[in-house]
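Okay, structure first, notes after.
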Amino acid sequence: MPRSLAREQDILKLPPPKQRPPLTLRRIGIHTSVAGGVENAAERAYRLGCNTFQIFSSSPRQWAPYQLGRPQCEEMKRLREKYDLKPLIIHTNYLINLASTTDLFLKKSVEAFRGEIERALALCAEYLVLHPGSFRGADRERGLMQTAAAIAAAGRGLDLSGGGLTILIENTAGAEHSLGATFEQVAELIHHLKPHVPVAACIDTCHTHVSGYDIVSERGFRHTLGTLDVSIGLGNVRVWHCNDAKAARGSRLDRHQHIGKGMIGLKAFERLLNDPRLMSAAFIAETPIDAPGDDRRNVSTLKKLVRGRQKPRR
Ligand SMILES: [Zn+2]
Ligand SMILES: [Zn+2]
């Protein structure tokens, strides 16, 4: 889960960089603050050295929808073109639970998710990331079916394909009752949704590690990517959330750590970023900000791991 932005030192208040920090062969970015308006996130992402970025399009822990103005969307588009920032990824609000077994909560979640889709379309975002949700009092299979039906219902009548928008199902850390802690569950959701909406996956390295997959050892990494390829398909993983983990493998504790400073370590990120099968994916950090500049440092750490430094191929 993206970190709190409370202690962030705002890069917009610093003088702009004289030139763009060097780019790499990969699309690398970070979850970026929308303080002062969504369009500000594009300028921040550029200054942080990114060529892709992720945002919230509404307050992550409030139901009240954020009103997007047309000029804001236009400005966002202009800045993204100017700085070649793509894809734009939107992370859905945390309150949304499309697996909820309470009718009222489910209705609220479907409405809120529809709002997320509408804002993503208005902003011309390529991806909308969703946690599959958490079920209680129902079995997992029913939870998955309900989530798939709720996602399809939320998107009904909206032209996602025409807007170039794909919904990405994110794997989760595996807390009790949560859906999506295995690649197979994510794959099942995608399978059910395919006929209704454009859908693919977002894989979070921290969630993968704490839910029990080995991505740390060389053999484990190879095996885990093999499992991912068989279930979801590596080509369907459009976004990788690059987060190191504070907790041990299998602990199910979702605590993100700075890249290279946690239980996963630099080597796994180096393997990930240089795997030729993942060339066209975007890599987004959702790392904590414990000290000013942590965001820039985590982006730069990821970029340094990429072999070869030139403009990305797309
Ligand atoms: Zn997380
Ligand atoms: Zn994530």
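According to our numbering, the stretch in the sequence shown is residues 43 to 356, in order. C-beta: ideal position from N, C-alpha, C; glycine also. Quick caveat: nothing in here was measured; it's all calculated off a predicted structure.
Review point. Which residues bound the alpha helix (DSSP H) around Ala-87?
Key: Residues 81-89.
Check your understanding: When we look at the beta-carbon of Arg-89 and count the other beta-carbons within 10 Å, is it buried (16 or more) or exposed?
Key -> So Arg-89 ends up on the buried side.
**Study point:** Buried versus exposed call for Met-43 [16 or more other C-beta atoms within 10 Å across all chains shown]
**Key:** Summary for Met-43: the model assigns pLDDT 49, below 50, so the residue's position carries little reliability; its value from the coordinates is reported in the next sentence. Met-43 should be labelled buried.
Practice item. Select from Arg-156, Leu-210, Leu-146 the residue whose C-alpha is nearest the C-alpha of His-173. Key: Leu-210
Point to revise | Contact test: Asp-286 Cβ vs ligand 2 heavy atom, cutoff 8 Å | key: no
Point to revise | Local conformation of Asp-286 per DSSP, three classes | key: strand
Check your understanding: Where does Gly-185 sit, in a helix, a strand or coil, going by DSSP?
Key -> Residue state for Gly-185 is assigned as helix, using DSSP reduced to three classes.
Check your understanding: For the segment 216-289, which segments carrying the beta strand (DSSP E) assignment without a break, of at least 3 residues, lie completely within its bounds, in sequence order?
Key -> 241-246, 279-284
Practice item. Sort out for me which residues DSSP pairs Gln-109 with in a bridge. Key: Answer by DSSP bridge pairing: none, since Gln-109 is not bridged.
**Study point:** Residues near His-219 by beta carbon distance below 7 Å, same chain, minus five either side
**Key:** Ser-176, Phe-177, Arg-178
Point to revise | Three-state secondary structure assigned by DSSP to Leu-295 | key: coil
Review point. In terms of residues, what are the limits of the alpha helix (DSSP H) holding Leu-314?
Key: Counting along the chain, the alpha helix (DSSP H) containing Leu-314 begins and ends at 308-315.
Exercise for review: Take the Cβ of Met-118 as the centre, count every other Cβ of all protein chains shown within 10 Å, and call the residue buried at 16 or more, exposed below.
Suggested key: Looking at its Cβ environment, which holds 16 or more other Cβ atoms inside 10 Å, Met-118 is buried.
Practice item. In the DSSP assignment, find the alpha helix (DSSP H) that holds Ala-162 and state where it starts and stops. Key: 145-164
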